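Working notes, beginning with the structure itself.
Residue numbers (the numbering used here), protein chains in the order written: chain A, 1 to 318; chain B, 1 to 318.
Next up, the structure:
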């Protein structure tokens, strides 16, 4: 008989910490989130997460031993599968032993920790836009550009659990901007939100707010601001080139695009499609479809739960 | 007890047809090859292959029922796993039912047909430069630029058996040459042998022979001809960019480069390394190594045999 116990799912991000219970079929039963506190040390931050877990279990009236396991997504980089996390946007944790600490907290329950972009593609493949498809690239276009790969119906780990880094596919090697990775012309250097804002400002965009974001830029684009439109088009074009390369290399069926910037709609997706169709010309590559991510803000929790609830496809660690 | 029967391996190329027997551990026991005849129709070409198979079996003194199966690599494109082949360089076969015909010829023996570049990566992963590594890209740089992917220790098929088309990763979207696929700036459009020759001739290279090849160009480069050196460097640089993109996306450990152009040595591999190291900067991506393919002219046969002899890793078809 199938195990009917829910999994505890946790999503660690620079903006929020979320925890919830997810039933075997992938439905989120109950969940809570809190803003990620700033200015804390590693242990103080851990206590925030510890308390959040306690609240979710209390609200759901379940004890840890009624759970099948705990899956956790976190910003990277991390040592995988050991689960030592150093999230770029959470300076308090550097090689923090998240997997071990969660296992201790949960009385030895199976705990699995993976990159949040990996959890996103797992969620989209398991229960979202990639459901029923065997070859899916999931992308998160936001402050950075991350991703994860499901090929032949299984999550691809790669040599160090880092497969899926579409943000560092090269789209403009000669004239592209320097990338934070040390390279040049990476997709992320062009299409990450802050890079768009910077580019638009250099072109003369003068937003009302001092700390304008890519969301403001997309808003101005929707109102017809030509520089804002050009900025989104530039990002879309870069995304299309990288997706074309990934499609040819991996014979993808579906690319699911999530993250804040994906909210920009046709401003981003129309130029993306145009450049994708220029470059993805082999017969098999023409069949790829690019869609906005289907799961909303709970994608992180659903994907974290998939590490436990659909481990045959989404977990290859120990 | 392990099956000790050999596999029949076949390699169908535009230049030669090869067939051999391969023992379970991957050693080629006996083999024969003939130039691929031109100007024949589909059935005449089949009879050439049929005779070659007969000669190999006769020489080895084995009957088809002493074989464990037959693996066959062929130039693409093809319908996979159905094995209807339409090799670009063999006009006589268009959707030729190679898999079915081989199965009939061999009395119902299991027969598996895959792309020759896929067989090359299977060979390199199984018994060549990628042995013992779990994440390997195999490349064939020749008249075209093909490839195959092994990720998490298994051959990646993708949606239509076409994963591994590194030749159509985009390396110069703005100023790159048009590609035969219909796209622009693909790796293959820059780094395929005939493109190198064309570029060098446009730059003023005047080879002694009228029908000069990339091999002649590499030869002149080795003698210090500056245009020939620049041509190899241009190809190496494009290869380095594409390999950097593939490494970030797939978290590769080893890239094995075979095909005629890989014989050019440092003329090609030095600029390749240089551009790879400019673009593959993430911590995990720096660990990738690029090596010449370890298996020589028998790689095609070894890889074809792997479709049968190591099917758990290299065959996901029916």
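Glycine included, every Cβ here is placed at the ideal spot set by N, Cα and C.
All values reported here derive from a predicted model rather than from experimental measurement.
- request: Would you check if the region 274–285 of chain A and the region 95–103 of chain A touch, i.e. whether three or more CB-CB distances between them fall below 8 angstroms?
  value: With the cut-off at 8 angstroms, the region 95–103 of chain A and the region 274–285 of chain A do not touch.
- prompt: Using a C-beta cutoff of 9 angstroms, does residue 173 of chain B count as contacting chain A?
  reply: yes
- prompt: So what's residue 226 of chain B in DSSP terms, helix, strand or just coil?
  reply: DSSP, reduced to helix, strand and coil, places residue 226 of chain B within a helical segment of the structure shown.
task: Take the Cβ of residue 162 of chain B as the centre, count every other Cβ of all protein chains shown within 10 Å, and call the residue buried at 16 or more, exposed below.
output: Buried.
task: Output the residue ranges of the alpha helix (DSSP H) runs that lie fully inside the region 234–304 of chain B and measure 4 residues or longer, sorted by chain position.
output: 266–279
field: chain B within 9 angstroms of residue 166 of chain A, Cβ atoms only
entry: yes
message: With distance defined between alpha-carbon atoms, name the residue in A:260, A:204, A:203, A:270 nearest to residue 293 of chain A.
response: Checking every option, the nearest Cα to that of residue 293 of chain A belongs to A:260.
Minimum Cβ-Cβ distance from residue 251 of chain B to chain A less than 9 angstroms: Under the Cβ distance rule, residue 251 of chain B counts among the residues neighbouring chain A, one pair being separated by less than 9 angstroms.
field: Contained alpha helix (DSSP H) runs [length at least 4] in the region 65–100 of chain A, N- to C-terminal order
entry: For the region 65–100 of chain A, not a single whole alpha helix (DSSP H) run of length 4 or above is found.
- prompt: Can you name the residues of chain B whose CB is closer than 8 angstroms to the CB of residue 241 of chain A?
  reply: 170, 173
query: Does residue 280 of chain A get closer than 9 angstroms to chain B when you measure Cβ to Cβ?
result: yes
query: Skipping 5 residues on each side, what residues in its chain have a beta carbon closer than 6 angstroms to that of residue 199 of chain A?
result: 231
query: Going straight from the alpha carbon of residue 258 of chain B to that of residue 18 of chain B, what length do you get?
result: If I take the Cα positions, the gap works out to 18 angstroms.
message: Please list, in chain order, the chain B residues whose beta carbon lies closer than 8 angstroms to that of residue 160 of chain A.
response: 251, 284, 287
- prompt: For the beta strand (DSSP E) that contains residue 31 of chain B, what are its first and last residues?
  reply: 28–35
query: What is the DSSP secondary structure of residue 195 of chain B, counted as helix, strand or coil?
result: helix
message: Please return the same chain residues whose Cβ sits closer than 8 angstroms to the Cβ of residue 152 of chain B, not counting the five positions on each side in sequence.
response: 134, 135
Chain-ordered chain B contacts of residue 246 of chain A [CB-CB under 8 angstroms]: In chain order: 249.
task: Mind listing the chain A neighbours of residue 144 of chain B? Cutoff is C-beta to C-beta under 8 angstroms, in chain order.
output: Ordered by position in chain A, no residue passes the 8 angstroms Cβ test against residue 144 of chain B, which lies about 12 angstroms from the chain.
- request: Give the DSSP-derived three-state secondary structure of residue 171 of chain B in the structure shown.
  value: Here residue 171 of chain B sits in coil by DSSP.
task: For residue 181 of chain A, go through chain B and note every residue whose CB falls closer than 7 angstroms to its CB, in chain order.
output: 281, 282
message: Can you confirm whether residue 156 of chain A, when its beta carbon is compared against all beta carbons of chain B, has any partner nearer than 9 angstroms?
response: yes
query: Is residue 121 of chain A helix, strand or coil by DSSP?
result: DSSP places residue 121 of chain A within a helical segment (H, G or I) once states are collapsed to three.
field: Any C-beta of chain A under 9 angstroms from that of residue 4 of chain B
entry: So, not an interface residue.
task: Give a yes or no on whether the minimum CB-CB distance between residue 233 of chain B and chain A is below 9 angstroms.
output: no
task: Count the other CB atoms, across all protein chains shown, that sit within 10 Å of the CB of residue 127 of chain A; report buried if there are 16 or more and exposed otherwise.
output: buried
message: So residue 5 of chain A and residue 66 of chain A are supposed to be a Cβ contact under 8 angstroms. How far apart are they, rounded?
response: About 6 angstroms separates the two Cβ atoms, so the contact holds.
query: How many Å lie between residue 44 of chain A and residue 282 of chain A at the Cα?
result: 53 angstroms
- prompt: Comparing the C-beta of residue 220 of chain B with each C-beta of chain A, is any distance below 9 angstroms?
  reply: no
Proximal residues of chain A, C-beta to C-beta of residue 316 of chain B below 7 angstroms: Listed along chain A, the residues sitting closer than 7 angstroms to residue 316 of chain B by beta-carbon distance are 152.
task: Could you give the DSSP three-state label for residue 56 of chain A: helix, strand or coil?
output: helix
query: Apart from the five residues just before and just after residue 245 of chain A, which ones in its own chain have a Cβ nearer than 7 angstroms to its Cβ?
result: 169
query: Smallest Cα separation from residue 269 of chain A: which of A:252, A:253, A:290?
result: The option with the nearest alpha carbon to residue 269 of chain A is A:290.
query: Out of A:21, A:30, A:16, which has the shortest C-alpha to C-alpha gap to residue 38 of chain A?
result: A:16
query: Taking Cβ-Cβ distances shorter than 9 angstroms, what residues in chain B pair up with residue 134 of chain A?
result: 157, 158, 159
query: Candidates A:175, A:210, A:313, A:299: which alpha carbon is nearest residue 13 of chain A's?
result: A:299
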